[in-house]
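J.: Dropping a structure here in structure tokens format, bear with me for questions.
Number of protein chains: 2
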Amino acid sequence: MNKEDKIYEAALSLFTTKGFHGTPTSAIAKTAGVANGTLFHYFKTKEELINSLYIKLKNELVVESVDGVEKIDSLKLKLEFLWSKSIHWTMTNPKKMFFIQQYMYSPYITSSTQEEVDKIKEVYVDLIKNGISKGEIKDVPIDLIYIIASQQLFGMTQYLVMNPEKYHDSEFMNTAFNLFYDIIKKV
Amino acid sequence: MNKEDKIYEAALSLFTTKGFHGTPTSAIAKTAGVANGTLFHYFKTKEELINSLYIKLKNELVVESVDGVEKIDSLKLKLEFLWSKSIHWTMTNPKKMFFIQQYMYSPYITSSTQEEVDKIKEVYVDLIKNGISKGEIKDVPIDLIYIIASQQLFGMTQYLVMNPEKYHDSEFMNTAFNLFYDIIKKV
DNA sequence: ACTTTTGTAGAGTGATTAGTCAATCTGACA
DNA sequence: TGTCAGATTGACTAATCACTCTACAAAAGT
Chain A
5 MNKEDKIYEA ALSLFTTKGF HGTPTSAIAK TAGVANGTLF HYFKTKEELI
55 NSLYIKLKNE LVVESVDGVE KIDSLKLKLE FLWSKSIHWT MTNPKKMFFI
105 QQYMYSPYIT SSTQEEVDKI KEVYVDLIKN GISKGEIKDV PIDLIYIIAS
155 QQLFGMTQYL VMNPEKYHDS EFMNTAFNLF YDIIKKV
Chain B
5 MNKEDKIYEA ALSLFTTKGF HGTPTSAIAK TAGVANGTLF HYFKTKEELI
55 NSLYIKLKNE LVVESVDGVE KIDSLKLKLE FLWSKSIHWT MTNPKKMFFI
105 QQYMYSPYIT SSTQEEVDKI KEVYVDLIKN GISKGEIKDV PIDLIYIIAS
155 QQLFGMTQYL VMNPEKYHDS EFMNTAFNLF YDIIKKV
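Okay, here's the thing in structure tokens:
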């Protein structure tokens, strides 16, 4: 693994366990197995590091979840696909999701980072718009649907991380998806 | 206002805007209008301050939301009461809710604080248990319902803080509550 | 082969910070 | 009035930290 990725990995692990202020850049460098100066070669400041990491992870989640969704026709199945892929990503990378949740609204994340990340979510917003116009999704403000759906997904992943055996209980997972789908589907 | 409360107020404001590491205790003291030493008279460490503040706010939210709910009979109305009171608290104290969301899963919050806060949520858990046994709430694990319901509430408050005019649109608020209730009610 | 760019190292530094401490103040109670 | 516990102050300190700087190594370009 190259040094940049090692730094990302070390930062992810330390930020989630000790917090931003609780992890000196020196500790990140040490954990990553690189010199102090190397860290600052790749990232101008500590803040740039956390922002880059955030963008990287958000991208990773979306890219991996979306891959293959275009082959599916029905909206419900599309949603189920995205939902379960997102959850799968979380279950294989719990730290990463934890990081996202922890820093999503933190003051270390700059507004320009937030803007960049907002672009990524377009995929989902388009899907929702489409669903609304076809009358399959409730006609409420898109922002609201989006926030609520993602919060709901976060809640579910939190539960699954705490109760991992449920993840392999397909009956449970089915109920779980419906818990998600019921909010947004038009009755 | 006494000095302890002034410190709480200053800490709330600074922590949410600058983050935990971004606010020196000296800044908290200065904003609160007290001497540096006074802060450490009331709170042994900076960490104790953030933990006390967290507990204080969580308590405030629950106490203010729950007040009066016992007079209501129907489960749905009880939930609507709690839901709208929680939202009302958030709309009148957006900073406080923001603080809670920001630090809920942060490493500065110790596990003993988390335990203390968990006790507070018993009121809600009892309500859910009751609803399940009466067949009014979906029969899924309580922890799951609780997490999902609270995440959903958080999502709604986020939306309302960003779109405050909707808070006074009673038709919207009705739809919004149903968005909440639909997840948990048995069909 | 030579030059330029990029990567890597780690000691060093100036600034900042959490927490201490000794001193003074306040007010309650005898 | 005198005593005492708690409140308040702010200067001080020991430690820490983000970031710089200089030097060298490796690659890439020409």
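Going down the list, the sequences are from chains A and B.
Just so we're aligned: the first sequence equals residues 5 to 191 in the working numbering.
Just so we're aligned: the second sequence equals residues 5 to 191 in the working numbering.
Cβ coordinates follow ideal geometry from the N, Cα and C atoms, glycine included.
The structure displayed is predicted, hence computed values, not measured ones.
Classify A:K189 as helix, strand or coil using the three-state DSSP reduction.
T.: Start at 1 with the first residue of the first sequence, and residue 189 of chain A comes out as number 185. In the structure shown, A:K189 sits in a strand (DSSP, three-state: E or B).
J.: Run down chain B in chain order and give the residues with a C-beta less than 9 Å from the C-beta of A:D160.
T.: Counted from its first residue, the first sequence places residue 160 of chain A at position 156. One detail in the question is off: residue 160 of chain A reads as Met in this sequence, not Asp. Going along chain B in sequence order, the residues near A:M160 (Cβ under 9 Å) are L148, I151, I152 and Q155.
J.: Which residues in chain A sit within 9 Å of B:V70, going by Cβ to Cβ distance?
T.: For the purposes of this step, residue 70 of chain B is taken as residue 66 along the second sequence, with counting starting at 1. What B:V70 touches in chain A: nothing, since even the nearest Cβ is about 22 Å away.
J.: At a Cβ threshold of 7 Å, is A:I113 touching chain B?
T.: Within the first sequence, the letter at position 109 stands for residue 113 of chain A. No, no contact with chain B.
J.: Can A:I136 and A:D130 be called in contact, C-beta distance under 7 Å?
T.: For the purposes of this step, residue 136 of chain A is identified with residue 132 of the first sequence, where counting begins at 1. For the purposes of this step, residue 130 of chain A is identified with residue 126 of the first sequence, where counting begins at 1. No; because the gap between Cβ atoms is not below 7 Å, this pair is not in contact.
J.: Does any residue of chain B have a CB that is nearer than 7 Å to the CB of A:D186?
T.: As a working note, residue 186 of chain A is residue 182 in the first sequence. At a cut-off of 7 Å between beta carbons, A:D186 contacts chain B.
J.: Nearest-angstrom Cα distance between A:V67 and B:E64?
T.: Counting from 1 along the first sequence, the entry for residue 67 of chain A is found at position 63. Counting from 1 along the second sequence, the entry for residue 64 of chain B is found at position 60. A:V67 and B:E64: Cα-Cα distance of roughly 41 Å.
J.: What in chain A is Cβ-close to B:Y163, meaning under 8 Å?
T.: The residue given as residue 163 of chain B occupies position 159 in the second sequence. Within chain A, the residues near B:Y163 are P145, D147, L148, I151 and I152.
J.: Just reading off the alpha helix (DSSP H) that B:S116 is part of, what are its end residues?
T.: Counting from 1 along the second sequence, the entry for residue 116 of chain B is found at position 112. In the DSSP assignment, B:S116 falls within the alpha helix (DSSP H) that extends over S115 to I124.
J.: Between the C-alpha atoms of B:T29 and B:P145, what's the straight-line distance to the nearest angstrom?
T.: Taking the first residue of the second sequence as position 1, residue 29 of chain B is located at position 25. Taking the first residue of the second sequence as position 1, residue 145 of chain B is located at position 141. Each residue's Cα considered, the two are about 42 Å apart.
J.: Using only the alpha-carbon positions, how far apart do A:F19 and A:T27 sit?
T.: Numbered from its first residue, the first sequence carries residue 19 of chain A at position 15. Numbered from its first residue, the first sequence carries residue 27 of chain A at position 23. Approximately 6 Å between the Cα atoms of the pair.
J.: Would you mind working out which of A:T49, A:F103, A:M95 and A:I149 sits nearest A:K170, comparing C-alpha positions?
T.: Mapped onto the first sequence, residue 170 of chain A falls at position 166. Closest by alpha carbon: A:M95.
J.: Where does A:I141 fall in DSSP's three states?
T.: Residue numbering aside, residue 141 of chain A sits at position 137 when the first sequence is read from its first letter. Residue state, collapsed to three classes: strand.
J.: Please name the residue, chosen from A:F47, A:L148 and A:S17, that lies closest to A:E8 on a Cα-to-Cα basis.
T.: The sequence position of residue 8 of chain A within the first sequence is 4, counting from 1. The option with the nearest alpha carbon to A:E8 is A:F47.
J.: Counting only Cβ-Cβ distances shorter than 7 Å, please list the residues of the region 86–109 of chain B near chain A, keeping chain order.
T.: Q105, Q106 and Y109
J.: Under a Cβ-count criterion, where at least 16 other Cβ atoms within 10 Å of its own Cβ denotes burial, should A:Y112 be classed as buried or exposed?
T.: Residue numbering aside, residue 112 of chain A sits at position 108 when the first sequence is read from its first letter. Looking at its Cβ environment, which holds 16 or more other Cβ atoms inside 10 Å, A:Y112 is buried.
J.: With distances taken from CA atoms, which of B:S69, B:F103 and B:V38 is nearest B:K125?
T.: The residue you call residue 125 of chain B lines up with position 121 of the second sequence. Of B:S69, B:F103 and B:V38, the residue nearest in Cα terms is B:S69.
J.: Is the Cβ of A:F47 closer than 7 Å to any Cβ of chain B?
T.: Taking the first sequence and counting its residues from 1, the one referred to as residue 47 of chain A is at position 43. Chain B, which has no Cβ nearer than 7 Å to the Cβ of A:F47, makes this no.
J.: Within its chain, find whatever has a CB closer than 8 Å to the CB of A:K80; leave out the 5 residues flanking it on each side and keep chain order.
T.: Taking the first residue of the first sequence as 1, we reach residue 80 of chain A at position 76. Closer than 8 Å at the Cβ level, and outside the excluded window around A:K80, lie E140, Y185 and K189.
J.: Can you check whether the C-beta of B:F181 is within less than 7 Å of a C-beta belonging to chain A?
T.: Position 177 of the second sequence, counted from the start, is the residue given in the question as residue 181 of chain B. No - not a single Cβ of chain A is within 7 Å of the one on B:F181.
J.: Report the rounded CA-to-CA distance for A:A39 versus A:S88, giving the unit in angstroms.
T.: Against the first sequence, residue 39 of chain A aligns to sequence position 35. Against the first sequence, residue 88 of chain A aligns to sequence position 84. Cα to Cα, the separation comes out at about 40 Å.
J.: Against chain A, with Cβ distances strictly below 7 Å, would B:G135 count as a contact?
T.: In the second sequence, residue 135 of chain B corresponds to position 131, counting from 1. Chain A, which has no Cβ nearer than 7 Å to the Cβ of B:G135, makes this no.
J.: Within its chain, find whatever has a CB closer than 8 Å to the CB of A:T114; leave out the 5 residues flanking it on each side and keep chain order.
T.: Taking the first sequence and counting its residues from 1, the one referred to as residue 114 of chain A is at position 110. Only E51 and N55 meet the Cβ criterion.
J.: For A:F44, which residues in chain B fall below 8 Å Cβ to Cβ?
T.: One-based indexing of the first sequence puts residue 44 of chain A at position 40. Those within 8 Å of A:F44 in chain B number zero; the least Cβ separation is about 18 Å.
J.: What distance in whole Å lies between the Cβ atoms of B:F103 and B:L61, which are believed to be in contact at a cut-off of 8 Å?
T.: For the purposes of this step, residue 61 of chain B is identified with residue 57 of the second sequence, where counting begins at 1. For the purposes of this step, residue 103 of chain B is identified with residue 99 of the second sequence, where counting begins at 1. That belief holds up - the Cβ atoms of B:L61 and B:F103 are roughly 6 Å apart, short of 8 Å.
J.: Just to check my reading of the structure: B:F176 and B:E84 have Cβ atoms closer than 8 Å, yes? What is that Cβ distance to the nearest angstrom?
T.: Residue numbering aside, residue 176 of chain B sits at position 172 when the second sequence is read from its first letter. Residue numbering aside, residue 84 of chain B sits at position 80 when the second sequence is read from its first letter. Between B:E84 and B:F176 the Cβ distance is about 15 Å, and since that is not below 8 Å, they are no contact.
J.: Please list the partners that B:K22 has in chain A, where partner means a Cβ-to-Cβ separation under 8 Å.
T.: As a working note, residue 22 of chain B is residue 18 in the second sequence. Those are P111, listed as they occur along chain A.
J.: Considering only the beta carbon of each residue, do B:L57 and B:Y109 sit closer than 7 Å?
T.: Taking the first residue of the second sequence as 1, we reach residue 57 of chain B at position 53. Taking the first residue of the second sequence as 1, we reach residue 109 of chain B at position 105. Cβ distance not < 7 Å, so B:L57 and B:Y109 don't count as in contact.
J.: Which word fits B:M160, buried or exposed, when buried means at least 16 other C-beta atoms lie within 10 angstroms of its C-beta?
T.: On the second sequence, position 156 is the one that residue 160 of chain B refers to. Buried: at least 16 other Cβ atoms inside 10 Å.
J.: Counting only the same chain and skipping the five closest in sequence on each side, list residues whose C-beta sits under 7 Å from that of B:V120.
T.: The residue given as residue 120 of chain B occupies position 116 in the second sequence. Looking at the sequence shown, residue 120 of chain B is not Val but Glu. Correct list, in chain order: I59.
J.: Can you find a C-beta in chain B that's less than 7 Å from the C-beta of A:H172?
T.: The residue labelled residue 172 of chain A in the question sits at position 168 within the first sequence. Closer than 7 Å: no.
J.: What is the C-beta distance between B:I152 and B:I132, in whole angstroms, given that I count them as a contact (C-beta under 8 Å)?
T.: In the second sequence, counting from the first residue as 1, residue 152 of chain B sits at position 148. In the second sequence, counting from the first residue as 1, residue 132 of chain B sits at position 128. Cβ atoms of B:I152 and B:I132 stay farther apart than 8 Å, at about 11 Å.
J.: Which residues in the same chain have their Cβ closer than 8 Å to the Cβ of B:Q156, if we skip the five residues on either side of it in sequence?
T.: In the second sequence, residue 156 of chain B corresponds to position 152, counting from 1. The beta carbon of B:Q156 sits closer than 8 Å to the beta carbons of L183, F184 and I187 from its chain, once the five residues preceding and following it are set aside; these are given in chain order.
J.: Listed in chain order, which residues of the region 26–41 of chain A have Cβ atoms closer than 9 Å to some Cβ of chain B?
T.: G26
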